[in-house]
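Novice: Take a look at this one; I'll ask things after.
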Amino acid sequence: MALALFSLFFGAGDLILPPQLGLKSGGDWWLLILGFSISAVFIPILGIMAHAKLQGTMFDFGKKVSPWFSLTYCYAVYAISITLPSPRTASVTHEMGVAPLFDSSPLLTSTIYFILVFIFVMNRSRIMDIIGKFLTPAIVIILLAIIGVSVFTASWDFGVSTIEQPVSYGILEGYQTFGAVGAVVVGGVVIVSLNLKQQSGDYNQKRNMIARAGWIAGMGLLLIYGGLILSGALLHDQFDPDINRTGLVSAISSFTLGNQANLLLSVLISLACFTTAVGIVTGTADFVKSRFSNSQTAYTLTAFTGSLLGVLMGQLNVDYIIAVAVPALMFIYPVTIVLILLNALPEKWVSAAVFKWVVAITVLFSIPDFMNSLG
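Structure follows, in structure tokens:
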């Protein structure tokens, strides 16, 4: 389960963001790791802890505010998830894993990609086994190879940092991983998958199992994030400072792994991005199914809709999708973080009134940032 959680969390944003942070960080690379890990590791793992406590769906995260708010929040998160981060996985896969090797259009790539996503989502009961046993180990091996070569062959001579406030910058960059949003989405996938395997399991047994898996996955994410940021910092003198995110990842892979870099990188990207897309679409379909009396038809239609949106949006380039995501993140991310923190705390500390006031204040403070990001 820990391997499956790691794979569901680790996707397109996780791959392309850390190396560029390292490239800019200079000797402050460890501060970037600290900030990035707060929003991309610590908060998401708290989200899994909250899921372990609630053992329900994402609807339970906001129901203490009000059922209407919770339902609106859930649909907003799932709509954002299948419209932005899920298609982005196909876009990154095309730009870094397909285009360098094959003469293929973005439409063809996204179509084949999301047909496969739909197939995996419809094989619902086998998702966790397939992801955990086969895909995740391959991702970890390739990543550790890239990080290992970088760490053990570099001169450990860092450049000058171009970031004034590395911790704050790292936290904001961590938003782009959709880690907190991913926690409330894929956490539901874990709960449903666990229930399919152990329908009569004890509550505390399930809670401990999910919590343990969450912490192990978190340590794995911290290792990979830290390694990728450090790799970017160590190899700063090998690349153009203005290189874009996808180009830097390709360049680091080529520098560290030589002639086989393109093949290994394409496999890495395909696996990392694909598992994330499967998790997002599955989580969305699970939620809609639960709102329509466990209707399999609702599950199938939602999976199809999520895959179709992926085909349409996945044709767009990565930088455009990232830019479009900023306003949505500036509004939904603070609310998500607050809901995770409130649900992770003991019940006696957080009454319904506390939920309502804290969420209301958070929404009010999020509006200016949302409006500024639109301008």
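Letter by letter, the sequence shown follows residues -14 to 360 of my numbering.
Just so you know, even glycine gets a beta-carbon here, dropped at the ideal spot from N, CA and C.
How about residue 256 and residue 124: are their beta carbons less than 8 Å apart?
Specialist: Taking the C-beta atoms as reference points, residue 124 is found nearer than 8 Å to residue 256.
Novice: Pick from 153, 42, 85, 107: whose alpha carbon is nearest that of residue 284?
Specialist: 107
Novice: Check whether the stretch 0 to 11 touches the stretch 220 to 229, counting contact only when three or more Cβ pairs, one atom from each stretch, lie closer than 8 Å.
Specialist: yes
Novice: When DSSP labels each residue in this structure, what does residue 41 get in the three-state scheme?
Specialist: coil
Novice: If you compare alpha carbons, which of 47, 102, 93, 56 is closest to residue 260?
Specialist: 102
Novice: Could you compute how far the alpha carbon of residue 319 sits from the alpha carbon of residue 149?
Specialist: Approximately 23 Å, taken between the alpha carbons.
Novice: Please give the ranges of any alpha helix (DSSP H) in the stretch 202 to 247, keeping only runs that are unbroken, at least 4 residues long and fully inside the region.
Specialist: Complete alpha helix (DSSP H) runs here, min 4: 230 to 242.
Novice: Assuming residue 151 is part of the alpha helix (DSSP H), what are its boundary residues?
Specialist: 151 to 160
Novice: Kindly list the residues whose CB is nearer than 8 Å to the CB of residue 122, restricted to its own chain and excluding five residues on each side of it in sequence; keep chain order.
Specialist: -12
Novice: For residue 339, count the other beta carbons within 10 Å of its own beta carbon; 16 or more makes it buried, fewer makes it exposed. Which is it?
Specialist: exposed
Novice: Please give me, in chain order, every unbroken run of the alpha helix (DSSP H) with length at least 4 that falls completely inside the stretch 30 to 103.
Specialist: 44 to 47, 52 to 68, 70 to 77
Novice: Run through DSSP, which three-state label would residue 331 get?
Specialist: coil
Novice: Does the separation of the CB atoms of residue 316 and residue 164 fall below 8 Å?
Specialist: no
Novice: Please name the residue, chosen from 40, 349, 135, 350, that lies closest to residue 178 on a Cα-to-Cα basis.
Specialist: 40
Novice: Around the C-beta of residue 53, are 16 or more other C-beta atoms found within 10 angstroms, so that it is buried, or is it exposed?
Specialist: Burial call: exposed.
Novice: Work out the CA separation of residue 50 and residue -1 for me, nearest whole Å.
Specialist: 31 Å
Novice: Can you name the start and end residues of the alpha helix (DSSP H) that residue 350 belongs to?
Specialist: 337 to 359
Novice: What is the C-beta distance between residue 152 and residue 294, in whole angstroms, given that I count them as a contact (C-beta under 8 Å)?
Specialist: The C-beta distance from residue 152 to residue 294 rounds to 35 Å, too long to meet the 8 Å contact threshold.
Novice: Whose C-beta lies closer than 6 Å to the C-beta of residue 347 among residues of the same chain, with five residues either side of it excluded?
Specialist: 319, 320, 323
Novice: Leaving out the 5 sequence neighbours to the left and right, which residues in its chain are closer than 8 Å to residue 62 when beta-carbon positions are compared?
Specialist: 43, 166, 169, 170, 317, 321
Novice: In whole angstroms, what separates the C-alpha of residue 212 from that of residue 120?
Specialist: 20 Å
Novice: Cutting at 7 Å between CB atoms, please list the residues of its own chain near residue 354, excluding the five before and the five after it.
Specialist: Excluding five sequence positions before and after residue 354, the CB atoms of its chain that fall closer than 7 Å to its own CB belong to 315, given in chain order.
Novice: Can you grab the Cα-Cα spacing for the pair residue 263 / residue 74, in whole Å?
Specialist: 10 Å
Novice: Do you know offhand how far residue 22's Cα is from residue 274's?
Specialist: 33 Å
Novice: Buried or exposed, going by whether 16 or more other CB atoms sit within 10 Å of the CB of residue 138?
Specialist: exposed
Novice: If I measure Cβ to Cβ from residue 96 and keep anything under 7 Å in the same chain, skipping five residues before and after, which residues do I get?
Specialist: 296
Novice: At what residues does the alpha helix (DSSP H) containing residue 5 begin and finish?
Specialist: Taken as a continuous stretch (DSSP letters only), the alpha helix (DSSP H) holding residue 5 covers 3 to 10.
Novice: Check the C-beta distance from residue 35 over to residue 159 and give it rounded, since I have them as a contact under 8 Å.
Specialist: Residue 35 to residue 159, Cβ: 18 Å. No contact.
Novice: Hey, quick one: how far does the alpha helix (DSSP H) through residue 121 stretch, first residue to last?
Specialist: Under the DSSP assignment, residue 121 falls in the alpha helix (DSSP H) whose first and last residues are 121 to 138.
Novice: Report yes if the C-beta distance between residue 201 and residue 128 is below 8 Å; otherwise report no.
Specialist: no
Novice: Can you say whether residue 90 is buried or exposed, counting buried as having 16 or more other CB atoms within 10 angstroms of its CB?
Specialist: With fewer than 16 Cβ atoms within 10 Å of its Cβ, residue 90 is classed as exposed.
Novice: One question on the structure: do residue 327 and residue 343 come within less than 8 Å of each other, judged by their Cβ atoms?
Specialist: yes
Novice: Would residue 276 pass as a contact of residue 2 if the rule is Cβ separation under 8 Å?
Specialist: In terms of Cβ geometry, residue 276 and residue 2 do not form a close pair [threshold 8 Å].
Novice: With DSSP as the reference, label residue 176 as helix, strand or coil.
Specialist: helix
Novice: Less than 8 Å separating the beta-carbons of residue 33 and residue 155?
Specialist: no
Novice: Please state the DSSP three-state secondary structure of residue 147.
Specialist: coil
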